[in-house]
Amino acid sequence: MPKTVFFPRQSLLTGCILGALAIPGAALATPAMDSAANAALMAGGVDLSATRDERMGWFRDAKFGMFIHWGVYAMWEGQYQGNDTPRYAEWIWNNGRIPADEYIEMGNQFNPVNYDPKAWAEMAEQAGMTYMVITAKHHDGWALWDTPTSDWGVKDTPWGKDLLGPLKDAATDAGLRFGFYYSQSLDWGNQGDEGGVHWDKSYTEYGPDKSTWPERLEQYHAEIARPQVEELTTRYGDLDIFWWDMPKSITDDQGQQLADILWGNQPHIVSNGRLTGRNNAIDFGDFDTHEQSIPAVPQLDSYWESCMTMNHTWGWRVSDHDWKSTTTLIHNLTGVVAKGGNYLLNIGPKPDGSFPQASIDRLHEIGLWMDVNGEAIHGTEATPFLFQQAFNGAVTQRKHDEGTTLYLHVYDWPSDGELRVLGVGNDKLSAYLLADDKRSALTVNRDDKGVTIAVGGDAPDPHSSTVVLEVKGELDIFEVGGVMTAEGMILRALDSQYDGAVYESWDNSLSNWTADQGPATWSVDFNEPGRYAIEMLHGNLEDAQMALSLGEYQTELFLPATADLRMGRKHRTPVIVGELEVLKGGEQTLSLIPTEDSGELHFSELTVKHLPDALQRPDGNITLNALSADYAGQSEVRRGARHLLEGQKETFNWMSTITRQAGHFDAVIRYQSEQAQQLAIYVGEQRYDFTLPATGAFVEPLDIHLGQLNLSESGATPIRMEVTAKDTMDFYGIELYEANFFAAAQAEGQQLSTQFPIARAAYSHVDNGQHPQAYFADKVLDGNSETRWRPNIKKVKQRWFEIDQGEAVNIKTITTEITAPKRNAKLLEQLTLTVRYQDAKGQWQTLATLPVLKANEGFSVDKAARLWRFEFSEQRGNFSVRRVEMTQ
């Protein structure tokens, strides 16, 4: 992971950015190295400092590569004894504490009958990737080639053949650069650092006694690591890149010996910075590694690479279906390249040698995008906008004799067809769409804030569209911020004025920000008065409050926790935290003020967002957003919803505009409430009454299909919703689906609303700051639905699992059965809770069978009920609900 360094904003003018400003373009094309890095650094007779820029030439232009994590761990698919193991799947031997004989026996069965290295290389090349890196040996020590140093590898399997050579040949044939990942110290199978498989005393004599580890580590390096690196660097011809990992307890001498082998055999190779660690005197790395992260600001003082997974794990995990969208992956790619790095995107092949279909689909879609936009990626340089975000997107550039070509990667296409680009001071400008083969000229206008490009109403690409801005002469970029554009106003921590807060440069945040450190302020400019939503990119362990002021206006912001309690990490997450009313146009000061209820915040970015109009979109649908309604009540904004209090009559008004087709619309409401609610919706004078079911205590909202509303006339139609909340209710909005659209989507299997029966779960763990890690959430269950619930929090917390059957059924008996797992029976004693009920025909049916750690003694349910809640308390370890079987 990148090292965390604390800088005040002014300090950023030294080093990377000052170098870039002092010699325009030079530091962007070739990252400047500090004086220590320019001193002679010898390995294998090669002066690494003197040859670095030449060796890194291809890497500097490559921009996009494929990472492959593959080995025995893929055969386990992330599960041991029927349960998902925590964290990354490729760590399953360690994290699952699997006995050595079981893990080795699994390895001896390795037989990837569908391994097709040519297909792998072709998919990488067609996706626009320019290099490949594969795990020759990961931390389990299993070698993907026929090594004479150890019996622990592919040679003693049914496959029995080298896996690396064919892939190297296929990569070369596809025109790709190629290299190996190698875990040089951490090696469980060969008893490397940390005593190898120290949890299994039958396999190794080196247990948890750390005093024995250094002696074993040197023996391991002499017998395994150095000979294997010699094999990898002499057996496969010219290599381009070598990727070390987990130096752990490696000594300076051990690091130097491996470096001598690497560069002695491959003098032109490049290497990441993980051969040695923070405690070593020498860093042999040519480039830095940002694992699972992208720097918030350009990094121009060194070469670097961001390696990221497509889902949540590097190795194959059968249960991890949370794949990043193609849009997210393309935004990551453009964002990394715009900040001066390379994007190394991981694939975790299945044990049979095939790529997961989700990975194949995304590679194909990225390839289609690269076919059009690859010019804006390969061989480009980092953004020239060092102090600001010019618009909502990313910028890459290419310098030439006549000036500079700016590639504007536009994520949110402006609804008015006018792209505002802040901070461009040049006059001689021209623009066109990269997707336009004719390169038809777009109108460009300039003012004192930057330029506006007339890009038209339709985005060329659904993921990211590229506008090319040609600049003649020397590029003139000036700093400007706090301007409201069609995409909104982005206020970064980097751009703020602050006194006591601590700025953390590597991820652009005010870290551990508390009330006694004072506010952060920005100078902003609004064209006219209006109402806006406030979205904040922040991280905090507990729910918190802040104050926001603009001139005489002040409001409270409510920040939900975005924490990973297991890791103590404050994952940054964008959340709608409040609203802003601009009372007057013009320049003024916006202040973000921590209060006593703020706790310790991790703040990165605040975005002032336009509220959507209730206008019929091209797809025929209409959004009635709770925040965009004409509303005069006193409710607060929480998580993008109006938080309605008990007993208060609330009225929401929208003026909906039908531009495409009038008629009946299916209404789907998004809300959260522990009590059933009654509401009325008026379309003109026509009233519709609805009853909303309780959604339980779960923090996430439900989407419920209300029924149909008739918007019979084209043009403007007033819509009003009235509700008097029972207890509290969070109201997000209503989506109106054109009837044909809704029916067609349902027929294609798209789930636009939640239907009963539903199952939901709640606990306080938040997964990577994205969403509660409750695998039952908002999921329709059928008779064979499989789902998982995996809390893993050290503190004892109450958890609940809830099933709503939709109609009342009679419960006759509730029985419990104790089952003991194979290992750690006393610690992880499991209780199986079976709920049975009698159906209308008098037959006994099983509602649910749930393995749990411990059930509350006070569990009860009405004899005639439709909703059951199963509550549990957790002591230690993982909790896994494997299957819920329901019969109606």
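Residue numbering for the sequence shown follows the numbering used here, starting at 131 and increasing by one per position.
Glycine included, every Cβ here is placed at the ideal spot set by N, Cα and C.
Pick helix, strand or coil for Val-467, following the three-state DSSP scheme. Helix.
Could you check if Thr-363 is buried or exposed, using at least 16 other CB atoms within 10 Å of its CB as the buried criterion? buried
When you compare only the Cα positions, how much space is there between Tyr-683 and Ile-477? 50 Å
Taking the continuous alpha helix (DSSP H) assigned at Thr-181, which residues delimit it? Where Thr-181 is concerned, the enclosing alpha helix (DSSP H) starts and stops at 178-185.
Three-state class that DSSP yields for Met-785 in the structure shown: strand
Under 7 Å Cβ to Cβ from Asn-751, same chain only, skipping five residues before and after it: list those, please. Glu-865, Leu-866, Tyr-867, Glu-868 and Phe-871
Can you confirm whether the segment 225-237 touches the segment 274-281 when touching is taken to mean that 3 or more C-beta pairs between the two stretches lie within less than 8 Å? no
Within 10 angstroms of the Cβ of Pro-428, are there 16 or more other Cβ atoms? Answer buried if so, exposed if not. buried
Beta-carbon gap between Leu-430 and Gly-385 smaller than 9 Å: no
Looking only at its own chain, which residues have a Cβ that is under 7 Å from the Cβ of Ala-792, when we skip the five neighbours before and after it? Taken in chain order, the residues that qualify are Leu-841, Ser-842, Glu-843 and Ser-844.
What residue range is occupied by the uninterrupted beta strand (DSSP E) comprising Arg-365? Looking at the DSSP string, Arg-365 is not in any beta strand (DSSP E); the run it does join, the alpha helix (DSSP H), is 356-365.
Determine the direct distance from the alpha carbon of Gly-630 to that of Trp-393, and round the result to whole angstroms. 47 Å
Outcome for His-199 when other beta-carbon atoms lying within 10 angstroms are tallied against a minimum of 16: buried
Can you find a C-beta in chain C that's less than 9 Å from the C-beta of Gly-715? Annotation note: the requested chain C is absent from the structure, which comprises a single protein chain.
Start-to-end residues for the beta strand (DSSP E) that takes in Thr-753: 752-755
Looking at Ala-824: is its Cβ nearer than 9 Å to the Cβ of Lys-739? No, the pair does not count as a contact, with Cβ atoms beyond the cut-off.
Buried or exposed for Pro-344, going by 16 or more other Cβ atoms inside 10 Å? exposed
Closest to Pro-848 by CA distance: which of Gln-816, Phe-861, Asp-860 and Tyr-862 is it? Gln-816
Any contact of the segment 444-454 with the segment 496-513, i.e. 3+ C-beta pairs under 8 Å? no
In chain order, each beta strand (DSSP E) run of at least 3 residues that lies wholly inside the segment 302-337: 307-313
Exposed or buried, Val-91, counting other C-beta atoms within 10 Å across all chains shown (16 or more means buried)? Because the chain spans 131 through 1018 in this model, residue 91 falls outside it and cannot be assessed.
Boundaries of the beta strand (DSSP E) in which Met-859 is found, first to last residue: 859-868
Based on the DSSP secondary-structure assignment, which residues constitute the bridge partners of Val-853? Glu-780 and Leu-809
Between Asp-646 and the rest of its own chain, which residues show a CB-CB distance below 6 Å, the 5 nearest in sequence each way excluded? none
Given that a residue counts as buried once 16 or more other Cβ atoms are within 10 Å of its Cβ, and exposed if not, what is Met-697? Unreliable positioning characterises Met-697 in this predicted model, as indicated by a pLDDT of 38, which lies under 50. The coordinate reading is nonetheless provided below. By the neighbour-count rule (16 or more Cβ atoms within 10 Å), Met-697 is not buried but exposed.
Judging by CA-CA distance, which residue of Trp-272, Arg-768 and Pro-247 is the nearest neighbour of Glu-235? Trp-272
State buried or exposed for Thr-406, treating a residue as buried only when at least 16 other CB atoms are found within 10 Å of its CB. buried
Would the segment 261-270 count as touching the segment 307-315 if we require 3 or more Cβ pairs under 8 Å? yes
Please report the Cβ distance between Gly-465 and Ile-496, rounded to the nearest whole angstrom; I am assuming they are in contact, meaning their Cβ atoms lie under 8 Å. Gly-465 to Ile-496, Cβ: 14 Å. No contact.
Apart from the five residues on each side of it in sequence, which residues of its chain come closer than 7 Å, Cβ to Cβ, to Phe-861? Apart from the 5 residues on each side of it in sequence, Phe-861 sits with its Cβ closer than 7 Å to the Cβ of Ala-756, Ala-771, Arg-772, Leu-774 and Tyr-801 in its chain, given in chain order.
Between the alpha carbons of Leu-839 and Gly-587, how many angstroms are there, rounded? 30 Å
Top-ranked residue by Cα proximity to Phe-688, from Thr-725, Gly-195 and Val-551: Measuring from the Cα of Phe-688, the nearest candidate turns out to be Thr-725.
Which residue comes first and which comes last in the alpha helix (DSSP H) that contains Tyr-203? In the DSSP assignment, Tyr-203 falls within the unbroken alpha helix (DSSP H) covering 203-206.
Output the distance between the C-alpha atoms of Glu-353 and Arg-346, rounded to the nearest integer angstrom. Their backbone Cα atoms lie some 10 Å apart in a straight line.
Could you give the DSSP three-state label for Gln-387: helix, strand or coil? helix
Residues in the same chain with beta-carbon distance under 7 Å from Arg-569, minus the five sequence neighbours each way, listed in chain order, please. Tyr-562
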